[in-house]
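Peer 1: Here the protein sequences come in this chain order: E and G. According to our numbering, the first sequence is numbered sequentially starting from 1. According to our numbering, the second sequence is numbered sequentially starting from 1001.
Number of protein chains: 2
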Amino acid sequence: MRNSNTKKTPLSALAQRTEEPPISWLMKMTLDHPKVVSLAAGFTDNQSLPVQETLELLEEIFSSRKTGQAALQYGSTAGDPCLRRLTAHDVQALDNNGAPGVYSADRVLITHGSQQLLYIVTECLCDPGDMVILEDPTYFVYLSILQSRGIQCRGIPLQQDGIDLSWLERTLDTLTRSGEIKKVKMLYLVSYFQNPSGITTSFHKKGTALDLLRFYEKKAGHPIYLLEDAAYRELRFDGDDEASALAAVDNPDRVIYAGTYSKPFASGARVGFGLLPEPIATATRRVKGNHDFGTANLLQQLLAHALESGLYERHLAELQERYAAKAAVMVEAIRQHFPEEVLWDVPKGGLYVWARLPAKNKTGVRSKIFQTALKKDVLYVPGELCYGPDPTRSKPNHEMRLSFGGATEEQIRIGIERLGKVLKKAL
Amino acid sequence: MRNSNTKKTPLSALAQRTEEPPISWLMKMTLDHPKVVSLAAGFTDNQSLPVQETLELLEEIFSSRKTGQAALQYGSTAGDPCLRRLTAHDVQALDNNGAPGVYSADRVLITHGSQQLLYIVTECLCDPGDMVILEDPTYFVYLSILQSRGIQCRGIPLQQDGIDLSWLERTLDTLTRSGEIKKVKMLYLVSYFQNPSGITTSFHKKGTALDLLRFYEKKAGHPIYLLEDAAYRELRFDGDDEASALAAVDNPDRVIYAGTYSKPFASGARVGFGLLPEPIATATRRVKGNHDFGTANLLQQLLAHALESGLYERHLAELQERYAAKAAVMVEAIRQHFPEEVLWDVPKGGLYVWARLPAKNKTGVRSKIFQTALKKDVLYVPGELCYGPDPTRSKPNHEMRLSFGGATEEQIRIGIERLGKVLKKAL
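1. Just to make sure I have the definition right: I need the residues of chain E whose C-beta is within less than 9 Å of the C-beta of G/K1185. Which are they?
2. For E/M1, name the three-state secondary structure that DSSP assigns.
3. Would you kindly work out how many angstroms separate the C-alpha atoms of E/D136 and G/A1071, rounded to a whole number?
4. Let me see if you follow: with CB-CB separation under 9 Å, is G/E1180 close to chain B or not?
5. Checking 9 Å against the spacing of the C-beta atoms, do E/T44 and E/S38 come in under that value?
6. Could you compute how far the alpha carbon of E/E318 sits from the alpha carbon of G/I1061?
7. Let's test the definition: count the other Cβ atoms within 10 Å of the Cβ of G/W1025 and tell me whether it reaches 16, buried, or not, exposed.
8. Going residue by residue through the segment 187 to 270 of chain E, where are the continuous alpha helix (DSSP H) segments of at least 4 residues, counting only ones entirely within it?
9. Looking at the unbroken alpha helix (DSSP H) that takes in G/I1414, where does it start and where does it end?
10. So is E/I412 in contact with chain G if we call contact Cβ pairs under 9 Å?
11. Please classify G/S1004 as buried or exposed, where buried requires at least 16 other C-beta atoms within 10 Å of its C-beta.
12. Using a Cβ-Cβ cutoff of less than 7 Å, which residues in the same chain neighbour G/T1408 once the five nearest sequence positions on both sides are dropped?
13. Can you pull the DSSP bridge partners for G/D1136?
14. Taking the alpha carbon of G/Y1387 as the point to measure from, which residue in G/P1196, G/P1081, G/G1420 and G/D1377 has its own alpha carbon closest?
15. Please determine, among E/P391, E/D390 and E/E399, the residue with the shortest C-alpha to C-alpha distance to E/V381.
16. Pairing CB atoms from the segment 1328 to 1343 of chain G with CB atoms from the segment 1074 to 1094 of chain G, are three or more of them under 8 Å?
17. Less than 8 Å separating the Cβ of G/D1390 from some heavy atom of the ligand MN?
18. Under 7 Å between beta-carbons, which chain E residues line up against G/R1107? List them in chain order, please.
19. Within 10 angstroms of its Cβ, does G/F1215 collect 16 or more other Cβ (buried), or is it exposed?
20. Which residues in chain G sit within 9 Å of E/E308, going by Cβ to Cβ distance?
21. Which residue from E/D377, E/E341 and E/G383 puts its Cα closest to that of E/I412?
22. Mapping the DSSP letters down to three states, classify G/K1288 as helix, strand or coil.
23. In chain E, which residues lie with their C-beta within 7 Å of the C-beta of G/V1051?
24. Does the beta carbon of G/V1287 sit closer than 9 Å to a beta carbon anywhere in chain E?
25. My guess is that E/A266 and E/P50 are in contact by the Cβ rule of under 8 Å, so how many angstroms apart are they, rounded?
26. Can you check which of these residues, E/V422, E/P264, E/R254 and E/G349, is closest to E/H222 by C-alpha distance?
27. Report buried or exposed for E/D240, applying the criterion of at least 16 other Cβ atoms within 10 angstroms of its Cβ.
28. Is the Cβ of E/D127 closer than 9 Å to any Cβ of chain G?
29. From this set, G/W1344, G/V1422 and G/W1354, which residue's C-alpha is nearest G/A1373's C-alpha?
30. Can you pull the chain G residues whose beta carbon is under 7 Å from the beta carbon of E/N297, in chain order?
31. When you compare only the Cα positions, how much space is there between E/F404 and G/V1184?
32. If the cut is a Cβ gap below 7 Å, which residues of chain G does E/A283 touch?
33. I need the straight-line Cα distance from E/D238 to E/G350, nearest angstrom please.
34. Along chain E, in chain order, which residues have C-beta atoms closer than 9 Å to that of G/Y1225?
35. So within the segment 341 to 422 of chain E, which uninterrupted alpha helix (DSSP H) runs reach at least 4 residues, ignoring any that extend past its ends?
36. Restricting to Cα atoms, I'd like to know which of G/P1157, G/Y1323 and G/A1327 is closest to G/T1201.
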């Protein structure tokens, strides 16, 4: 690829670090095996995408020149004022009317999906060599951001209600003693129906984690933020909502809240958002200006109209029902076909079941189980991909993420049956 | 903003460097002076936004469940295959059928506006401390990217047909002698109806510039790219199209071509693209994956349908006529109202007239002219904002960018008349 008369790559350190994301070869495998049932993709359910609803909303927007022009013109970098207001209001309502200042529209930044918010926040807080503390396991595309930007990480094991707080404290203490606490910029939690584990962090744990971070700030010499990724919050079909960390009145100015309309409404519309404290709000808005001046107005108007008309809420209720049904199909199939030694939990929301095999049974890409499954035309996300490169432990390699998001009920049944056979043979 | 018990900012070096973009306070001034006629904004013409056309296209897409679902689902990171193919084909057609391999759909990356492409390319090529050579003056939001990312620059004066090549050679030679050539990663040219000068670079100059870069690559030890920003290429209403640098058969693998559908179709739809050589194509696709997994499918489907149906082309022809008329209004008003000492050129495309005052007459934000103009309710972009921080020269401060994009014909007439009075008094 390089020219013979030149010796060095022209690429930046960032580009040289950036690896092909795992999602790419998972998608390639799906294409290379046309009969494969993919329980790997984090796609949203195709049948439930709001085609008719979107048509109605777009007809409403584009049947008037005034609103049509507004949707086709540049907007402001932070986002459409109406969408920012609705967003702040809705998060506050979900949080049971937490302190109003925290949910001010001024603190909202609208982005091209919450992924872009995660990217820009990380750009604004972390230099290469800095450190983010995260869950073990965690959202693997966030790991790609860290890897690309040369950011270190430490993983905190998950319990049924979120991270192990004593482990977090021990980690912060160890980092203080080694002097590395000065590198720690944030704790990243996927706090609702976590990708990949399905676990929801309790409000109590978020508050205690914030208190711990606040204590260790003194050692760090700078604020340490909690980046709460609430991507799956609205995809709840069982149990009650936990308030977000924004509602923790002692430390709301240390919370960065990332949300999205992609998964609850339409991933092809790619609208996400952040609720951010200063100085992060100003910094991210400026950097967003350099990225793209602001999120496509057409998409923002679509979401604002969906929220305002109540259509968003009605669609969400249908979606929750649909995912509940698909989750039930997966649960039923797993009960029927998986060997008893495999542990898993009944999901209460989100898109995933996290299956844990006995530790000796490897599930990684090169494992016999993964390769046999592929031969039998079923694909899952190997658990090892969901663990960051924390040098203080080796990556667990005996788990699998199973998604009931993209596959049909029929495909879920077939996929789990195939996988069950592979597992029964292997275990 | 910082907590009392912490001493250091938590922000990254990038965030600390990132300043409020000039566009923000220009917009704020417009809001603070509600009667102001803004000849500053680079907005596209509101009346000509394709409201009816967009409605037709969206009704076509969303009246079928199949195409509707596709528009609302995730796509691939590089972009919709159909839109990538159409894009490659159209650029090739504009270039009069240059070498096919160069215009392969595989080399196309679809982005949220061409701004995002510029951002990601710069991320992938430049480390802090690296250097980009650019035009004097140049696109000021690109300067914000460089400033934010800690990248140095050198400016090359513009002549009627593009940069002064002997100045470029002298600059490259000086940088070679100082050893700084190793920092030089690219030459950035806004090659059609340049923002802000309106100048179009001749194909001949692009080819010679590429040859020069190729020669100095040996001194640099790595490839030096030409980043050709063709944002205004299709907004031509007079003269012939010049081929892009991709058509320079000797060095097409050193050309990064950035294009957009935002300005020719709808800025609220924010679809741009790059045509990229390896290893840049792979690196930018990976980084785009970390930014947002790919451009919103809804917007991509809208553009693909517009291009395929011929509606894009029909709309573009109307738009060119409209901008030609608005440019004529501005030209006529300038002839009538500006003092003779002010130099300017009749635009053949784009959105701008670049007015040059005698060097002693300052136009910057703090100048009497700018402040008086603001008092008289007319706003322009001060020329000084369009010059990068090149330490080898001081920034010229006697020019103004006047846009006929966003203002109505009536506003253009009034705005230029007001500005003419201010100038006549000042000169």
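Backbone N, C-alpha and C fix where the C-beta goes; we use that ideal spot for every residue, glycine too. Since the model is a prediction, treat every value here as computed from it, not as a measurement.
Peer 2: So, from the listed chains and residues:
1. Listed along chain E are P10 and S12, each with a C-beta nearer than 9 Å to that of G/K1185.
2. Below a pLDDT of 50, predicted positions are generally treated as unreliable, and E/M1, at 40, falls in that range; no measurement from the model is reported.
3. Spanning the two alpha carbons is a distance of roughly 34 Å.
4. Absent from the structure is chain B; the protein chains it does hold are E and G.
5. No, the pair does not count as a contact, with Cβ atoms beyond the cut-off.
6. Rounded to whole angstroms, E/E318 to G/I1061 spans 23 Å at the Cα level.
7. So G/W1025 ends up on the exposed side.
8. With a minimum length of 4 residues, the unbroken runs of alpha helix (DSSP H) contained wholly in the segment 187 to 270 of chain E fall at 203 to 220.
9. In the DSSP assignment, G/I1414 falls within the alpha helix (DSSP H) that extends over E1409 to A1426.
10. For E/I412, the answer is no, since every Cβ of chain G falls outside 9 Å of its Cβ.
11. Per-residue confidence for G/S1004 stands at a pLDDT of 45, beneath the threshold of 50, marking its modelled position as unreliable; the derived number appears in the next sentence. Taking a 10 Å sphere around the C-beta of G/S1004, we find fewer than 16 other C-beta atoms and assign the residue as exposed.
12. Apart from sequence neighbours up to five positions away, no residue of its chain approaches G/T1408 with a beta-carbon distance below 7 Å.
13. Checking the DSSP bridge columns, you'll see G/D1136 partnered with G/P1157.
14. Looking at the Cα atoms, G/P1196 is the closest of the given residues.
15. Comparing Cα positions, the closest option is E/E399.
16. Contact between the segment 1328 to 1343 of chain G and the segment 1074 to 1094 of chain G is absent, because fewer than three Cβ pairs lie under 8 Å.
17. Questions concerning the ligand MN fall outside what the structure shown contains, since it holds no ligand whatsoever.
18. Under a criterion of Cβ atoms nearer than 7 Å, no residue of chain E is adjacent to G/R1107; the nearest Cβ is some 13 Å distant.
19. Classified as exposed, G/F1215 has fewer than 16 neighbouring CB atoms from the shown chains inside 10 Å of its CB.
20. Under the 9 Å cutoff, chain G gives no residues; its nearest Cβ is about 18 Å from E/E308.
21. Of the candidates E/D377, E/E341 and E/G383, the residue whose Cα lies closest to the Cα of E/I412 is E/D377.
22. Assigned with DSSP and collapsed to three states, G/K1288 falls in helix.
23. Chain E residues near G/V1051: F62, R65, G68, Q69 and L72.
24. It does: the Cβ of G/V1287 has a partner Cβ on chain E nearer than 9 Å.
25. With a beta-carbon spacing of about 6 Å, E/A266 and E/P50 fall inside the 8 Å limit used to define contacts.
26. Between E/H222 and the set E/V422, E/P264, E/R254 and E/G349, the nearest pair of CA atoms involves E/R254.
27. Exposed.
28. Yes - at least one Cβ of chain G is within 9 Å of the one on E/D127.
29. Out of G/W1344, G/V1422 and G/W1354, the CA that lies nearest to the CA of G/A1373 is found in G/V1422.
30. Neighbours of E/N297 across chain G, judged by C-beta separation under 7 Å: G1268.
31. E/F404 and G/V1184 have their C-alpha atoms roughly 49 Å apart.
32. Neighbours of E/A283 on chain G, chain order: L1011, A1015 and T1018.
33. Their Cα atoms are separated by approximately 10 Å.
34. What G/Y1225 touches in chain E: P10.
35. Runs of the alpha helix (DSSP H) inside the segment 341 to 422 of chain E: 368 to 375.
36. Out of G/P1157, G/Y1323 and G/A1327, the CA that lies nearest to the CA of G/T1201 is found in G/P1157.
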